[in-house]
Amino acid sequence: MTQFAAMTRSIREIPQKSHLTTLRRIEEGLLVAHGLRQDIGVGDVFSIEGGTRAEVTSLSQDEIKLAPFGAINRLAPGAYIWKDSSNSIRPDTSWLGRVVNAFGDPMDGQALSAGPLRLVPTGHRNALSRRSLGTRLDTGQPAIDTMLPLVKGQRIGLFAGSGVGKTSLLNALASGIKADVIVFAMIGERGHELASFINHTMDAETRSRCICVAATADCSALERRRAAQASIDIAEHFKEQGKHVLILMDSLTRWAEAHRQVQASQAGTTITTGFPANTGQDLARMMERLGPGSAGQGDITAVLSVLVAGSDMDEPLADMVRGMLDGHIILDREIAESGRFPAIDVLKSVSRSLPQAANADENAVIMQVRKILAAASRIAPLRDAGLAVEGENAQTDSVMKAADAIDTMWSARDLPDATTSFARLSSLCSAARF
1 MTQFAAMTRS IREIPQKSHL TTLRRIEEGL LVAHGLRQDI GVGDVFSIEG GTRAEVTSLS
61 QDEIKLAPFG AINRLAPGAY IWKDSSNSIR PDTSWLGRVV NAFGDPMDGQ ALSAGPLRLV
121 PTGHRNALSR RSLGTRLDTG QPAIDTMLPL VKGQRIGLFA GSGVGKTSLL NALASGIKAD
181 VIVFAMIGER GHELASFINH TMDAETRSRC ICVAATADCS ALERRRAAQA SIDIAEHFKE
241 QGKHVLILMD SLTRWAEAHR QVQASQAGTT ITTGFPANTG QDLARMMERL GPGSAGQGDI
301 TAVLSVLVAG SDMDEPLADM VRGMLDGHII LDREIAESGR FPAIDVLKSV SRSLPQAANA
361 DENAVIMQVR KILAAASRIA PLRDAGLAVE GENAQTDSVM KAADAIDTMW SARDLPDATT
421 SFARLSSLCS AARF
């Protein structure tokens, strides 16, 4: 009976071509078809004869307009267009260890099993049905495990300029956090960097728990925007099975830029700076799909990278995202240039899981460290200018010595969890005199 039920389900889920029509004309890069109105909405994806896909951008009484995901130079009026149920993301446990595109198609040329069809939620979630943030996670990164704790269901932003180690830190978090499933969304990355990261940077154990969703820089803006949505769909699938899912996105900025390009092309305008008015609302919808689950579900913990030009944390996107998340980690270029990785600026970074994520003794250590680092940041310029000399003041010397030791500790690789990290941090703090 079980085999019969499985066979019945498989037959029921065979992709069916529905809402069949033909391409009427191509108008300013958009495809126009007639005669499709029922059960079609903006954002639906259609397949086009020849292998191209397109997304519905607008509907009128007698026609629909679709934006193509790929090249349209070989398309002509009369080409068949249909809504194909296989366009829905259908994640499966067998996807672990694989790389897929924004449609859930395999990128390695090998066959990929499809899971059951699932309904993607369209309305907002009932905030009262969600659990609170969960227990503290060990990451293997001393600065995060102590000063910036990450807990189950937390959404945190990783803010950095280019070339300061954000992708390396994301990979380290993927290896260090023992989540059941990892979804790694790589949006707008260069193709050779994607291949190198998957084949060489990510270790085998981490990859066995990971599904990578990729839309490289040469993909259309529509596909790059859709990759973020696909990664969240996959994460929700496993969350609904009671799994703890870690979603890593590199980067949220590339999603926002793709969204801007899509909106500009549909409006027939050119926008190179700033973001459309609906960016904040679309971003908020995505962020609210992440986080703690409801009763019987797992959690989605999220670390989302944000590129900041010139380390400007007040630029529109950075400021918008920071207000939506449960904390932010800032990577500093000067720290990276000094050779200390991860280049986390602890004083400028915040985790909103505190103080609940740490006990009373740990919170006391956190406050002591912040006092030491803040004092050292005031003393360092005076020493550089020759206004304060080592050996003149024992208290100042003890603070600088403790700050240097703490700074070195952030790069330690022999502190796998919060317990060992706090023990060492407490010892280093005791040397400072206040």
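Using UniProt numbering, read the sequence shown as starting at 1 and increasing by one per residue.
Just so you know, even glycine gets a beta-carbon here, dropped at the ideal spot from N, CA and C.
Worksheet item: By the 10 Å Cβ neighbour count, where 16 or more other Cβ atoms means buried, how is residue 252 classified, buried or exposed?
Response: buried
Practice prompt. Just grab the DSSP bridge partners of residue 65 for me.
Written response: 32, 58
Worksheet item: Ends of the beta strand (DSSP E) at residue 156?
Response: 155-160
Worksheet item: Is residue 166 helix, strand or coil when you go by DSSP?
Response: helix
Fill in: Rounded separation between residue 307 and residue 147 - CA only
22 Å
Discussion item. For the pair the region 175-182 and the region 197-215, tell me if three or more CB-CB distances fall below 8 Å.
Written reply: yes
Item to complete: Use the C-beta contact count for residue 42: other C-beta atoms within 10 angstroms, 16 or more gives buried, fewer gives exposed.
Response: exposed
Worksheet entry | Inter-residue Cα distance where the pair is residue 381 and residue 396 | 13 Å
Discussion item. As a quick exercise: from 142, 152, 117, 128, pick the residue whose alpha carbon is nearest that of residue 134.
Written reply: 152
Worksheet item: Buried or exposed: where does residue 249 fall if 16 or more other Cβ atoms within 10 Å of its Cβ makes it buried?
Response: buried
Item to complete: Kindly list the residues whose CB is nearer than 8 Å to the CB of residue 170, restricted to its own chain and excluding five residues on each side of it in sequence; keep chain order.
Response: 158, 184, 248, 250, 303, 305
Worksheet item: Which stretch, first to last residue, makes up the alpha helix (DSSP H) that contains residue 406?
Response: 394-409
Practice prompt. Can you tell me which of the three DSSP states residue 318 falls into?
Written response: helix
Fill in: Same chain only: Cβ atoms within 6 Å of residue 263, ignoring 5 sequence neighbours per side
276
Discussion item. For residue 428 and residue 412, which I take to be in contact (beta-carbon distance under 8 Å), what is that distance rounded to the nearest angstrom?
Written reply: With a Cβ gap of about 11 Å, residue 428 and residue 412 do not count as contacting.
Discussion item. With distance defined between alpha-carbon atoms, name the residue in 402, 220, 50 nearest to residue 265.
Written reply: 220
Discussion item. Tell me the rounded alpha-carbon separation between residue 439 and residue 70.
Written reply: Nothing can be reported for residue 439: it is not among the residues displayed for the chain, which extend from 1 to 434.
Worksheet item: Where in the region 215-242 do unbroken runs of the alpha helix (DSSP H), each at least 4 residues long, occur, reported from the N-terminal end onward?
Response: 221-239
Worksheet item: If you draw a straight line from the alpha carbon of residue 98 to that of residue 106, how long is it in whole angstroms?
Response: 7 Å
Worksheet entry | DSSP state of residue 371 mapped onto helix, strand, coil | helix
Discussion item. Assuming the contact rule is C-beta atoms closer than 8 Å, residue 290 and residue 174 should be a hit. Round their C-beta distance to whole Å, please.
Written reply: Not a contact, Cβ separation roughly 16 Å.
Fill in: the region 415-428 in contact with the region 355-373 per 3-pair CB rule at 8 Å
yes
Item to complete: Look up residue 205 in the DSSP assignment and say whether it is helix, strand or coil.
Response: helix
Fill in: Own chain partners of residue 348 with C-beta closer than 6 Å, once the 5 adjacent residues on each side are dropped
330
Worksheet item: For residue 374, which residues from the same chain have a beta carbon less than 8 Å from its beta carbon, with the 5 sequence-adjacent residues on both sides left out?
Response: 347
Discussion item. Please classify residue 128 as buried or exposed, where buried requires at least 16 other C-beta atoms within 10 Å of its C-beta.
Written reply: exposed
Fill in: Nearest-angstrom Cα separation, counted from residue 419 out to residue 202
26 Å
Item to complete: Mind checking which residues open and close the beta strand (DSSP E) that includes residue 301?
Response: 299-307
Worksheet item: Based on the DSSP secondary-structure assignment, which residues constitute the bridge partners of residue 292?
Response: 299
Practice prompt. With a cut-off of 8 Å on the beta carbons, I'd call residue 301 and residue 150 a contact; round off their distance for me.
Written response: 7 Å
Worksheet entry | Local conformation of residue 341 per DSSP, three classes | coil
Practice prompt. Check the DSSP bridge columns for residue 328 and list the partner residues they point to.
Written response: 157, 350
Discussion item. Residues in the same chain with beta-carbon distance under 8 Å from residue 280, minus the five sequence neighbours each way, listed in chain order, please.
Written reply: 320
Practice prompt. Identify whether residue 72 lies in helix, strand or coil by the three-state DSSP scheme.
Written response: coil
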